[in-house]
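Mind the numbering: the sequence shown is residues 1 to 415 in the UniProt record's numbering, read in order.
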Amino acid sequence: MTAQATPRHQVSTTTAQMRDLADSVADASVWSMDAAEAGATLVELTRLAAQVAELQARVAAHADTIHVGQDVGASSAANWLAHTTKTTRAAAYGAVRLGHDLEQHPSTREALAAGEIDVEQARVVIRWVDRLPTDLGPETLANAEAHLLAEARHHDAKALGRLGRRLWEVIAPEEADAHEADILQRQEAAALRACSLTMADDGDGTTRGRFVLPTYHAAALKKILMALAAPKHLAATQGPGIERRPGPEALGRALCELIERYPVDRLPTTGGVNATLLVVIDEDTLTGRLEKAGVLDTGDQISPAMARRLACEAGIIPAVLGSASVPLDLGRRSRYHTEHQRIAMFLRDRGCRAEGCDRTAGLHAHHQQHWTDGGHTNLTDSASLCAWHHNTLIHDPTYDTTYLPTGKNRFHRRT
1 MTAQATPRHQ
11 VSTTTAQMRD
21 LADSVADASV
31 WSMDAAEAGA
41 TLVELTRLAA
51 QVAELQARVA
61 AHADTIHVGQ
71 DVGASSAANW
81 LAHTTKTTRA
91 AAYGAVRLGH
101 DLEQHPSTRE
111 ALAAGEIDVE
121 QARVVIRWVD
131 RLPTDLGPET
141 LANAEAHLLA
151 EARHHDAKAL
161 GRLGRRLWEV
171 IAPEEADAHE
181 ADILQRQEAA
191 ALRACSLTMA
201 DDGDGTTRGR
211 FVLPTYHAAA
221 LKKILMALAA
231 PKHLAATQGP
241 GIERRPGPEA
251 LGRALCELIE
261 RYPVDRLPTT
271 GGVNATLLVV
281 IDEDTLTGRL
291 EKAGVLDTGD
301 QISPAMARRL
311 ACEAGIIPAV
321 LGSASVPLDL
331 GRRSRYHTEH
341 QRIAMFLRDR
351 GCRAEGCDRT
361 AGLHAHHQQH
371 WTDGGHTNLT
381 DSASLCAWHH
391 NTLIHDPTYD
401 TTYLPTGKNR
411 FHRRT
């Protein structure tokens, strides 16, 4: 271990002794411990970790108060701790915050220092007690804290959090329902603000992502996926004897089925066309005479087998440009492009035509010669542009647009 220069304070010398004791068993083998001793030791180590965490939080709060790290230009004691120990700033700030919170909640600090609760339970107790109105009085707040500390003996941090939400049933039963409704309403509003979905293409035929959903929507999604993954549904749709897959894979496949089977007529339009993927394949591939990758209007590729399967399960939109059955040139008779024109245009352009833009979704149909200036509603005089380039730049008088021989549009600010 790296010893302190000259530890003098009791906490400093005790910390040094604990480090020495930990060093003494660093290489000790544990193979000879029987099950009973291993279990008992694991419990004691868990309690010891809680005690050490309390001591660390206490010292971290003190370090923050006396501005440790200021002599080397650190903006805070937490930043200094993170830099010195190479822990994350979130962990360092968490230790400082916990120390200050424990100063305001001595009962919770004592329970943590005794190893009776762990750090997560301590944070849950503090969070829910601090959400109570301060005008309830110190005695009521102390009773609420004592109640949660007693429940912590029987519940982990997650379950303790659910009990914390119903704390009003203990301190003011007659007001509990109204306060719980208020808490739920605030949580639901916060959940909607935090709602997010991110996806990243791994480049190997898979896309991974993560999402944050409000509890209601997550519960509804789970029920939908569980129903689609149920053996009864699989037997009805794929025949009896289908292989049962592990939970995560079954739910993942259920999500794929949900996406494929969502009713197209329930989707909003984007750029005048239903928000559905277009698959470009030639007739030979469709009939199986040729094995050639299908191309999505997003620019992604799928296998010929996938393209044929989708063709069997969905309506076919013919992409035969200029066919007699679908008029693609409306001349001056109509200002707005038809759905078939937009589909043909998106298939041709495969994304926004603005130079340097890689957007492939939510495209707009644009007249390269404005319709009001005599432009025609046909494929020759039209281009696909994303919402940003179409709504913002193409009609901005401070920008000029150059139509390049490559088919791209170049924007440049007028001088």
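The beta carbon of each residue, even a glycine, is placed where N, CA and C say it ideally should be.
Roughly how many whole angstroms lie between the Cα atoms of Thr398 and Val212?
Looking at the two C-alpha atoms, the distance is approximately 40 Å.
Count the other C-beta atoms from every protein chain shown that fall within 10 angstroms of the C-beta of Ile259, then say buried if there are 16 or more, exposed otherwise.
It is exposed - the Cβ of Ile259 has fewer than 16 other Cβ atoms within 10 Å.
Pull up the CB-CB distance for residue 426 and Gln121, whole angstroms please, since I reckon it's below 8 Å.
Any question about residue 426 goes unanswered here, given that the chain covers just 1 to 415.
Please return the same chain residues whose Cβ sits closer than 7 Å to the Cβ of His366, not counting the five positions on each side in sequence.
Around His366: Ser382, Ala383, Leu385, His390, Ile394.
With 16 as the cutoff for other CB atoms within 10 Å, does Met199 come out buried or exposed?
That one is exposed.
Tell me whether Arg123 is buried or exposed, calling it buried when 16 or more other Cβ atoms sit within 10 Å of its Cβ.
With 16 or more Cβ atoms within 10 Å of its Cβ, Arg123 is classed as buried.
Can you tell me whether Thr6 is buried or exposed? The criterion is at least 16 other CB atoms within 10 Å of its CB, across all chains shown.
Exposed, by the Cβ-count rule.
Within the chosen definition, does the region 100–120 reach the region 42–62 through at least 3 CB pairs nearer than 8 Å?
The region 100–120 is in contact with the region 42–62.
Closer than 8 Å is the cut-off here; do at least three beta carbon pairs connect the region 81–98 with the region 20–33?
They do not touch, by the three-pair rule.
For Ile343, count neighbouring C-beta atoms within 10 Å of its own C-beta (all shown protein chains included) and say buried if the count is 16 or more, exposed if not.
Label assigned to Ile343: buried.
Can you tell me where the alpha helix (DSSP H) with Val43 in it begins and where it stops?
Note, Val43: alpha helix (DSSP H), 35–65.
Kindly indicate which residue of Trp128, Gln56, Tyr216, Arg414 has the alpha-carbon position closest to the one of Lys158.
Nearest C-alpha to Lys158: Trp128.
Could you give the distance in angstroms between the alpha-carbon of Arg414 and the alpha-carbon of Leu197?
Using only the alpha carbons, I get a separation of about 38 Å.
Sorted by chain position, which residues of the same chain lie with C-beta nearer than 7 Å to Pro214's C-beta, five sequence neighbours on each side aside?
Around Pro214: Glu188, Ala191, Leu192, Cys195.
Helix or strand or just coil, what does DSSP make of His154?
In this structure, His154 counts as coil in the three-state DSSP scheme.
Inspect the beta-carbon positions of Gly164 and Leu141 and report whether they are closer than 8 Å.
Cβ atoms of Gly164 and Leu141: not closer than 8 Å.
Rank His412, Asp34, Ala16, Val119 by C-alpha distance to the C-alpha of Asp156 and give the top, closest one.
Ranking His412, Asp34, Ala16, Val119 by Cα distance to Asp156 puts Val119 first.
Can you tell me whether Gly39 is buried or exposed, with buried defined as 16 or more other CB within 10 angstroms of its CB?
Per the 10 Å Cβ criterion, exposed.
So Leu136 and Glu54 are in contact, right, with Cβ under 8 Å, and what is the actual spacing, rounded?
At roughly 26 Å, the Cβ-Cβ gap does not stay under 8 Å, so Leu136 and Glu54 are not in contact.
On the CB-based measure, 16 or more other CB atoms within 10 Å of its CB, does Glu145 come out buried or exposed?
Classification of Glu145: buried, given that the 10 Å Cβ count is 16 or more.
Residues in the same chain with beta-carbon distance under 6 Å from Ile171, minus the five sequence neighbours each way, listed in chain order, please.
If we look at Ile171 and ignore the five residues flanking it on each side, its Cβ neighbours are Thr140, Ala144.
If you draw a straight line from the alpha carbon of Thr206 to that of Gly252, how long is it in whole angstroms?
Each residue's Cα considered, the two are about 12 Å apart.
Tell me whether Val170 sits in a helix, a strand or coil according to DSSP, three-state version.
Val170 falls in the helix class under three-state DSSP.
Just to confirm the assignment, what range does the beta strand (DSSP E) spanning His366 have?
From DSSP, the beta strand (DSSP E) with His366 extends over 364–367.
What does a CB cutoff of less than 6 Å around Gly99 pick up in its chain, not counting 5 residues either side in sequence?
Excluding sequence neighbours, Gly99 sits near Ala57, Arg58, Ala60, Ala61.
Given a threshold of 16 other Cβ atoms within 10 Å of its Cβ, counted over all protein chains shown, does Met345 qualify as buried or as exposed?
It counts as buried.
Candidates Leu225, Asp202, Leu160: which alpha carbon is nearest Gly247's?
Closest option to Gly247, Cα to Cα, is Leu225.
Assuming Met33 and Thr41 make a contact with CB atoms under 8 Å, what is their CB distance in whole Å?
With a Cβ gap of about 7 Å, Met33 and Thr41 count as contacting.
Going by Cα to Cα distance, which pick from Glu249, Asp396, Cys357 is closest to Ala408?
The question names Ala, but residue 408 is Lys in the sequence shown. Residue Cys357 is the option with its Cα nearest to Lys408.
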